[in-house]
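All remarks here apply to the structure that follows.
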Amino acid sequence: MCSGETPERRSYETLSEAKKQAGANAVILSRAERAEAELAEARRQLDAVAKAESASLVNQNGDLAMFNVLFSQTQEQVNKMHGLRLKLGKDDGELDGKLKAAISALADAVRRCAE
């Protein structure tokens, strides 16, 4: 301790350095959070542009618009059929098998149309 450095002085310097580093870390974190927010906003804008372009294409072509409507309706109907199969077939294994077979037959028909 001849150098005039006391344990208290070393603790003070260490604390001071830690505070400076914490401040620097806070600035970096703030910049990173802003960058993340900007990236999220850019992604939202890009998604909106993509949806608008897609909607524009669909609106320009009546057949494509009808395909889009029918596709959405079919997805909704299949989801409802699945829910009913789960509800009706949970206590009746035989009925569940028949409902599964019916949905599978529908899936096969759709698959054939896609070929």
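Reading the sequence shown from the start, the letters are residues 1160 to 1274 in the working numbering.
Backbone N, C-alpha and C fix where the C-beta goes; we use that ideal spot for every residue, glycine too.
What you are looking at is a predicted structure, and each value in this text was computed from that prediction instead of being measured.
Measuring only the C-alpha atoms, how far is residue i from residue j?
i: A1211; j: R1202; result: 14 Å
i: N1227; j: A1273; result: 15 Å
i: A1214; j: G1242; result: 30 Å
i: A1264; j: T1233; result: 15 Å
i: L1216; j: Q1204; result: 18 Å
i: T1173; j: E1192; result: 28 Å
i: E1253; j: A1207; result: 47 Å
i: F1230; j: Q1219; result: 18 Å
i: P1166; j: A1194; result: 42 Å
i: E1197; j: V1186; result: 17 Å
i: D1267; j: L1188; result: 53 Å
i: V1237; j: V1269; result: 12 Å
i: A1209; j: R1271; result: 30 Å
i: R1190; j: K1239; result: 47 Å
i: A1177; j: E1235; result: 58 Å
i: S1175; j: A1183; result: 12 Å
Let's see if you can read the secondary structure: which residues bound the alpha helix (DSSP H) around residue i?
i: N1220; result: Unbroken run through N1220: none, as it is neither H nor E.
i: K1249; result: K1249 -> no alpha helix (DSSP H), and no H or E assigned at all.
Between which residues of its own chain and residue i is the CB-CB distance below 6 Å, once the five residues before and five after are set aside?
i: R1169; result: none
Closer than 8 Å by C-beta to residue i: which residues in its own chain qualify, once you throw out the five before and the five after it? Chain order, please.
i: K1249; result: D1255
Can you name, in chain order, every residue of its own chain whose Cβ lies under 7 Å from the Cβ of residue i, other than the five neighbours on each side?
i: A1181; result: none
Three Cβ pairs or more, each shorter than 8 Å: is that satisfied between the region 1230 to 1247 and the region 1258 to 1265?
Yes, since at least three Cβ pairs between the region 1230 to 1247 and the region 1258 to 1265 fall closer than 8 Å, the two stretches touch.
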